[in-house]
């Protein structure tokens, strides 16, 4: 798929196509949806394996689940404070969904659903709406004072309020674009260098030796992509908790 | 002796973790490297611009005032972008500091 007529085709990996035969055709069930279901199933299985056994000395799966739980629980507690505990399930679900999306995408033949702006924007909109609803619930009409800082001169209000509103709306865009751009850039780079390996490998006698260079780059890139997969899930979760902090302690 | 000192330490850590004591700041930071900050600043500026331009464009289409609201919201979007970057370094409120 990568090399067709000796050209570099780095973007076809993001194309959607129906899976599961006639059922997929009927309801447009694409491989993106399939991997979302897989991610949710894996998260569910991991949490179930963690909670079911509850051994004092955890096994491997339980240790994995407990460290993921502790990681996000600590993050929410540090960022939001003790009132944030009840929002932990929300942040944890978002984190696991993004993390599994990024990590499943690193498997060969897998599809990275976080590389589609629709998916990341939907996640970001869910976070944004949830944060806004929580803020209005906790502070009522006082929430709207967020858009006009205390002490600013009143005649500046026509400038400050639209700017603050745009800044607040831009959270959605920045949250989604960051994850989307990171995943797309990484996977395009992987594909481009993998294509170089194939193209240079066909250059006769010297081919295999020259092709070793992009291959080495690709090995490094795979490691880097695993880092990015964790880091972006972490950034998404920590920004969610920072926004939750703003909603809980309105200033 | 050593064991008892260690116990006091662990007790303090556990109390801090469960929110029984005031906890020190600085846990769970965003990536602080030059690349992390730089990319974040870029994304913040671009996303504020996108929202500003998009809002202006939609309002113009609705009200038929092309291109005036677009121009106004372009400027407002740029200001919001600069504000976002300013907030990146001087957050409105820090966790732990009320």
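Residue numbers (the working numbering), protein chains in the order written: chain W, -10 to 240; chain E, 719 to 816. Just so you know, even glycine gets a beta-carbon here, dropped at the ideal spot from N, CA and C. Remember, predicted model here, so these are calculated numbers, not experimental data.
Just to check my reading of the structure: residue 233 of chain W and residue 120 of chain W have Cβ atoms closer than 8 Å, yes? What is that Cβ distance to the nearest angstrom?
6 Å
List the residues of chain W that residue 726 of chain E touches, going by C-beta distances under 7 Å, in chain order.
In chain order: nothing, as chain W lies at least about 21 Å away.
State the DSSP-derived secondary structure class of residue 7 of chain W, mapped to helix, strand or coil.
strand
DSSP three-state label for residue 741 of chain E, please.
Low confidence applies to residue 741 of chain E: its pLDDT is 47, below 50, so where it sits in the model is not reliable, and the reading given next is rough at best. Reduced to three states, the DSSP call for residue 741 of chain E is coil.
Is it the case that the Cβ atoms of residue 167 of chain W and residue 758 of chain E are separated by a distance below 9 Å?
yes
Establish whether the CB of residue 167 of chain W and some CB of chain E are separated by less than 9 Å.
yes
For residue 21 of chain W, which beta-bridge partners are listed by DSSP?
Looking at the DSSP assignment, residue 21 of chain W forms no beta bridge with any residue, so it has no partner.
For residue 771 of chain E, tell me which candidate among E/729, E/790 and E/804 has the shortest Cα-Cα distance.
E/790
What would DSSP say about residue 234 of chain W, mapped onto helix, strand or coil?
helix
Does residue 85 of chain W get closer than 9 Å to chain E when you measure Cβ to Cβ?
no
Cβ shell of residue 222 of chain W (< 7 Å), same chain only, five flanking positions each side left out:
84, 87, 88 and 91
Sorted by chain position, which residues of the same chain lie with C-beta nearer than 7 Å to residue 47 of chain W's C-beta, five sequence neighbours on each side aside?
55
Using 9 Å as the threshold, is the C-beta distance between residue 224 of chain W and residue 809 of chain E below it?
no
Spatial distance of residue 43 of chain W from residue 230 of chain W (CA atoms):
27 Å
With DSSP run on the structure shown, which of helix, strand or coil describes residue 732 of chain E?
helix
Counting pairs of Cβ atoms below 8 Å between the stretch 201 to 216 of chain W and the stretch 138 to 147 of chain W, do you hit three or more?
no
Alpha carbon to alpha carbon, how far is residue 60 of chain W from residue 740 of chain E? Give it in angstroms, no decimals.
Interpretation of residue 740 of chain E is limited by its pLDDT of 47, a score under 50 that renders its predicted location unreliable; the figure taken from the coordinates is listed afterwards. So the two alpha carbons sit approximately 20 Å from each other.
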